[in-house]
Every structure is written in structure tokens, then in C-alpha cells.
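**Student:**
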Amino acid sequence: MENRVRELREKHGWSQGELGERLDVSRQTINAIETGKYDPSLPLAFKIARLFGSRIETIFDPGK
Amino acid sequence: MARFSDKRYNMHVLLIMAVYVLLVFFEWPHVKTVADSVLKIVLALVPALPVVGVIVLMGARVLRSDELQQRLHLIALGAATGLVAALSVVFSFLCAAHVLNLAAEDVLFWIFPALCLTYGLTRIALTRRYGGTAC
């Protein structure tokens with residue numbers, strides 16, 4: 002699944018660690034989400050969307 | 221629930237294992253010389269307490285992890301359990317066929333370290349795969 006987490010994080014000027022703290026997850030989890038190695042659960046995806054003030058489908062794209 | 225930092229967790233485990241080593245070296249040798257059976261049972265079980273403590277600590281760490289870390293812990297634990305179970309079946313058959321002559325207590329002592337070793341190695345491999353730093 003593709004996502005815009007890295008783009009949005011960099012737009013806010015946050016490090017992976019800072020974003021992890023805001024979402025209460027580890028820096029490793031943020032890194033794994035950004036690189037597409039791990040797809041977050043629905044609650045975490047909603048948390049990310051809420052933090053960036055966006056709709057979930059504008060951040061995460063399941064592709065074809 | 222606040223997450224366990226690796227540093228804090230490692231410090232707790234090191235402290236508990238230091239107690240375990242002290243017990244094994246200084247308390248355990250006296251168990252065989254004690255005549256009273258109740259005292260013997262108590263002294264024999266004392267070194268098991270730090271090991272149980274580490275298991276409780278491991279459980280607390282998994283519970284306080286985030287969703288990816290929990291997934292990695294559980295995959296590593298599953299792999300470790302599967303490997304140790306497979307090895308125990310293989311060694312059991314070899315012993316039953318008298319190909320190997322192993323004392324039961326020697327084999328039982330190695331189950332937990334084997335589980336920890338396999339769990340640790342799998343966890344390191346998974347952590348690297350998901351872009352984290354091992355340890």
C-alpha cells in the first residue's frame with residue numbers, strides 16, 4: 002500500500018521520532034510505514050489522518 | 221500504558237540475571253547438602269524466581285509495545301516455540317531409540333535458553349527487515 006506519510010511529516014518539519022511520539026508508536030514503526038514495509042491498523046491509520054487533518058484515503062492508497 | 225525503552229528493559233534484565241548468576245554460583249551448590257526436604261525444595265526453586273521475573277518483564281514489554289513491535293514479538297515467539305518444539309520431538313525420539321543418552325534435567329535446563337536464543341535471533345532479523353536497529 003502506498004502512502005504520503007513521509008511527505009506530510011516532512012511538510013510539518015517533524016522527524017520520524019517526533020511523529021512517533023505524537024502517535025504513541027516507535028520510530029521504527031513510522032519508518033516501516035513510510036517505506037511501505039508495514040501497513041498500519043485502521044485505528045492507527047485514522048490517528049495519522051486526524052493528526053495531519055486529512056481524510057484517510059488521501060494519505061493511504063491501496064493501489065489496484 | 222507507557223512503553224518500555226530498550227535501555228530500561230535491558231537494565232532490568234541485566235540486574236535480574238546478575239541475581240540469577242549469583243544464586244547459581246553461591247546458593248545452588250548448597251541444595252544437595254541440605255537434608256530437610258522442605259528447605260531443599262525452597263532452595264531448589266529460588267534460582268527459578270529471577271527467570272520467572274524475566275518472563276514477566278518480557279510479557280510486560282510486549283503488552284506495552286506498539287502494534288508493529290507486538291507483531292514482531294509474536295512472530296519471533298512463534299518461530300522460537302516452533303523450533304524448540306521440533307527439536308524437543310527430534311531429541312525425544314533419538315533418546316527413546318537409545319541413539320542419544322541425555323539426562324532429563326540437562327535437557328529441561330536448555331529449553332528456556334534455547335527459546336530465548338531463537339526468539340532473540342528471529343527478533344533481530346525481523347527488526348532489520350522492518351527498517352529498525354537491532355538491540
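So the protein lines, in turn, are chains V and W.
So for the first sequence, the numbering used here puts the first residue at 2; every next one is plus one.
So for the second sequence, the numbering used here puts the first residue at 221; every next one is plus one.
The beta carbon of each residue, even a glycine, is placed where N, CA and C say it ideally should be.
#1: Using a beta-carbon distance below 8 Å, is Lys38 (chain V) in contact with chain W?
#2: Please return the same chain residues whose Cβ sits closer than 7 Å to the Cβ of Ala50 (chain V), not counting the five positions on each side in sequence.
#3: Please list the partners that Phe290 (chain W) has in chain V, where partner means a Cβ-to-Cβ separation under 7 Å.
#4: Pull up the distance between the alpha-carbon of Met231 (chain W) and that of Gln17 (chain V), whole angstroms please.
#5: Cα separation between Thr36 (chain V) and Arg10 (chain V)?
#6: So is Ser225 (chain W) buried or exposed if we call it buried at 16+ other beta carbons inside 10 Å?
#7: Give, in chain order, every residue of the segment 5-29 of chain V whose Cβ lies closer than 9 Å to some Cβ of chain W.
#8: Considering only residues of the same chain and omitting the five flanking positions on each side of Gly21 (chain V), which have a CB-CB separation below 7 Å?
#9: Which partner residues of Asn32 (chain V) appear in the DSSP bridge assignment?
#10: Shorter than 8 Å from the beta carbon of Leu43 (chain V) to some beta carbon of chain W?
#11: Look up Asn4 (chain V) in the DSSP assignment and say whether it is helix, strand or coil.
#12: Return helix, strand or coil for Asp40 (chain V), following the three-state DSSP convention.
#13: Taking Cβ positions, are Ala300 (chain W) and Thr342 (chain W) nearer each other than 8 Å?
#14: Taking a contact to mean a Cβ-Cβ separation below 8 Å, would you say Ala350 (chain W) touches Lys38 (chain V) in this structure?
#15: Return the CA-CA distance between Ala238 (chain W) and Glu247 (chain W), expressed in angstroms with no decimal places.
#16: Whole-angstrom Cβ separation of Leu292 (chain W) and Leu346 (chain W), contact assumed at under 8 Å?
#17: Can you give me the C-alpha to C-alpha distance between Cys355 (chain W) and Ile344 (chain W), rounded to a whole angstrom?
#18: Classify Arg228 (chain W): buried if its beta carbon has 16 or more other beta carbons within 10 angstroms, exposed otherwise.
#19: First and last residue of the alpha helix (DSSP H) that includes Glu247 (chain W)?
#20: Spell out whether any CB of chain V is found under 8 Å from the CB atom of Asp256 (chain W).
**Tutor:** Taking the structure as given:
#1: yes
#2: Arg56, Ile57 and Ile60
#3: Residue identity differs from the one stated: residue 290 (chain W) is Gln in this sequence, not Phe. Chain V residues near Gln290 (chain W): none, gap ~10 Å exceeds 7 Å.
#4: 25 Å
#5: 13 Å
#6: exposed
#7: Gly21, Leu24, Asp25, Val26, Ser27, Arg28 and Gln29
#8: Ser27, Arg28, Thr30 and Ile31
#9: Note: Asn32 (chain V) sits in no beta bridge, so no partner.
#10: no
#11: strand
#12: coil
#13: yes
#14: The residue asked about is misnamed: residue 350 (chain W) is Tyr in this sequence, not Ala. Yes, they are a contact pair.
#15: 13 Å
#16: 5 Å
#17: Its pLDDT being 47, under 50, Cys355 (chain W) is placed unreliably in this model, and the value from its coordinates should be taken loosely. For Cys355 (chain W) and Ile344 (chain W), the distance between alpha carbons rounds to 7 Å.
#18: exposed
#19: Where Glu247 (chain W) is concerned, there is no enclosing alpha helix (DSSP H), given that its DSSP letter is neither H nor E.
#20: no
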